[in-house]
Structures are given as structure tokens and as C-alpha cells.
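K.L.:
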Amino acid sequence: MISMSGQPGAFYSRLYFWVYLFPPYVVAALYYLVAWLINPASPSLLGNKGLAFMLLLVLVLVDVNWLSWLGFWLTGITRRKIAPVDGDRLAYEQAVALFNERAQQSATALTGPLEPLPLELIELGAVPYLALGGLGQPRLWLSTHTLRTTDSADLARLLAHEYGHRMEQQRGAGCNFAQLQWWLALPVGWLLCAVSPLLLIAAALVHALIALRVGYHQRLKAESRADRWAADRVGALDYARALAAYHRAVAGARQPGALKQRLVKLGLDPADVAGLLNPPAGAQAGN
């Protein structure tokens with residue numbers, strides 16, 4: 049379980065391990081194990097075709113996204129849920145109302161106000177956290193620190209980003225090519241296990257690393273699409289300021305390169321991007 053008393057850096061490092069690192073390595077291990085099991089050259093102890101097909105069935109039903117949710121659960125975050133007090137619920141509803149008001153005034157106005165996203169308030173100490181996730185109907189996971197230390201206008205802009213993710217999920221993602229790429233493990237693993245088990249293990253590790261890289265770029269594209277959706281409805285510069293402030297709270301003075309890419313894709317002036325990434329000391333302290 050993640051320690052909730054540490055700094056944001058330690059919290060997010062552990063979260064990254066369970067949600068992003070853990071799933072592809074597990075899936076790679078299982079697919080290459082199936083490849084080993086179905087190869088006639090494998091030892092009789094492992095050449096169990098019934099077990100292989102059972103594992104394949106599990107892999108068809110359980111994808112990386114399901115394992116990511118399992119990793120999220122293993123962090124213990126879901127056990128940190130608390131019931132919102134009246135002030136918390138009011139602050140959240142005010143932020144949703146501000147988002148809807150601003151979105152209705154934008155050039156890409158909504159057809160009507162959006163309902164508040166189902167809220168899961170979590171107590172993580174002094175750790176900022178805001179994300180949409182979950183199996184079935186996604187829920188908004190919001191830390192008490194973020195809710196109680198972010199002003200309503202900035203919270204509304206951050207919520208716009210999560211609404212962008214929700215709109216994309218409702219449209220549907222189409223064919224899951226990230227999931228299909230795992231099936232390459234079967235012929236590759238089947239051929240390699242006849243040569244050497246060590247090659248099979250090496251191939252599984254390389255495959256997991258490739259999947260991590262592909263997953264990173266897919267997440268970055270999804271974040272950029274949600275950024276664009278939010279910026280179109282609450283204003284690009286205002287949204288970028290709120291996003292940069294949130295990332296400063298998460299990462300301190302160190303701003304990840306991915307954030308710069310996301311801000312550039314919003315079409316902001318390079319000087320504005322530089323100012324958001326490296327604000328004056330007084331402005332940074334005020335966030």
C-alpha cells in the first residue's frame with residue numbers, strides 16, 4: 049500500500065509502478081508462458097495445453113486496462129475514500145457550475161450543462177490528486193488537498209480536462225491496437241522457446257518495454273486531446289495556467305517534458321509556455 053504521509057514525488061513513483069509498470073510485465077509474462085506451454089518442444093511438465101488455453105481465455109477477458117485498475121486498487125487509494133462534508137460537496141458543485149457557465153459561453157458551446165462527474169473524495173494528506181478512472185462508469189478521484197487548496201476557477205478548468213476524457217470514452221475508442229499487439233507474443237515466443245528459454249525471457253522483457261513506450265505515447269495523445277477539449281471551452285491560456293499550477297504542486301519546481309509538449313500543442317505563444325513552466329518566484333509561491 050502507498051504511504052500517504054510522504055511527499056508527492058514518493059506517492060506518484062509508487063502509483064506509476066502499480067498502474068503503469070506492473071500491468072505490461074504481468075501480461076508479457078502470461079503471453080510468453082502460453083507460448084511456452086503450447087510448443088511441442090517444451091518439457092512435458094510445462095506442455096499442458098489445457099492450462100495454456102485457460103490462460104489465453106483469461107488474457108482475452110482481462111486486458112492491460114483491467115490490470116491497471118487492479119494496480120490502482122493495490123496502492124490502497126480506494127481504501128482512503130471519505131464522505132464529503134457539506135463544504136467539500138459545495139466547493140465541487142461550484143467548480144462544476146463554473147465550468148458549465150464558461151463552456152456555454154465558448155465558441156464550442158455544449159448542447160446543455162454537464163452533470164457533475166461521480167465523485168470519490170480521498171484523503172491523501174498533502175498530496176494533490178485529480179483523475180478520472182475506474183471500471184464500468186469512470187469516477188472522479190479527487191484528493192481533499194486538491195479540492196481544498198485549489199480555487200474554484202482553477203478547479204473548474206482542471207475538471208474540464210476530465211470531462212474531455214469522459215467525452216472521448218463515451219464516443220468509444222474503436223479497435224484496441226495496444227491489446228492486439230500482445231498476440232504477437234504467441235508466434236514469437238513459440239519460435240524462441242524451441243531455441244532457448246533465456247531468449248523467451250529476453251523477448252518477454254523487450255516486449256514489455258515496447259508496450260510501456262507505446263502506452264506512454266498513447267497516454268500523451270489522450271492527454272493532449274483532453275487538453276484541447278478543455279481549452280476550447282474554458283480558454284487555452286487560462287486552462288494552461290491551471291494545468292501548470294497543478295503540475296507544480298505535483299512535481300515541485302521540476303516540470304516534466306511531457307507537460308511542455310502538451311502546452312505547445314495548445315497553440316500558445318512560446319513566451320507564454322516558458323513563463324508557465326518557469327514562473328517568477330513570487331507567482332510560484334502563490335500557487
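If you read the sequence shown in this note's numbering, its first letter stands for residue 49, the second for the next number, and so on. Ideal Cβ positions, reconstructed from N, Cα and C, are used throughout, including at glycine.
#1: Does the structure place the stretch 79-89 close enough to the stretch 242-256 that three or more beta carbon pairs sit under 8 Å?
#2: Roughly how many angstroms lie between the CA atoms of G283 and A233, to the nearest whole one?
#3: How long is the line joining the alpha carbons of L324 and A297, rounded to whole angstroms?
#4: Quick check on the burial criterion: 16 or more other C-beta atoms within 10 angstroms. Buried or exposed for W66?
#5: Sorry if obvious, but does the Cβ on W238 come closer than 7 Å to a heavy atom of the ligand SAM?
#6: My assumption, with CB atoms under 8 Å, is that Y287 sits in contact with A179. Please give the rounded CB distance.
#7: Near S200, what residues of its chain come up, given a Cβ to Cβ distance below 8 Å and the 5 sequence neighbours on each side ignored?
#8: Just the Cα atoms here: how many angstroms apart are V74 and S61?
#9: Could you check what DSSP says for L257 in three-state terms: helix, strand or coil?
#10: Can you grab the Cα-Cα spacing for the pair R137 / A251, in whole Å?
#11: To which residues of the same chain is G119 closer than 7 Å at the C-beta, ignoring the five residues directly before and after it?
#12: Where do the N-terminal and C-terminal ends of the alpha helix (DSSP H) with L405 fall, by residue?
#13: Take the Cβ of L93 as the centre, count every other Cβ of all protein chains shown within 10 Å, and call the residue buried at 16 or more, exposed below.
#14: Please list, in chain order, all residues of the same chain as L247 whose beta carbon is under 7 Å from its beta carbon, the five residues on each side excluded.
#15: May I have the straight-line CA-CA distance separating D134 from W231, to the nearest angstrom?
#16: For T156 and Y294, I'd like the C-alpha separation in whole angstroms.
#17: Whose C-alpha, out of L81, S116, L172 and T159, is nearest the C-alpha of M215?
P.N.:
Working from what's here:
#1: yes
#2: 45 Å
#3: 13 Å
#4: buried
#5: Because no ligand of any kind appears in the structure shown, any question about the ligand SAM cannot be addressed here.
#6: At roughly 17 Å, the Cβ-Cβ gap does not stay under 8 Å, so Y287 and A179 are not in contact.
#7: A139, Q142, A143 and L146
#8: 19 Å
#9: helix
#10: 50 Å
#11: W66, V67, F70 and P71
#12: For the chain, the structure presents residues 49 to 335; residue 405 sits outside this window and is missing.
#13: Bear in mind that a pLDDT of 49 at L93, under 50, signals an unreliable position, so the model cannot answer this.
#14: L240
#15: 50 Å
#16: 25 Å
#17: T159
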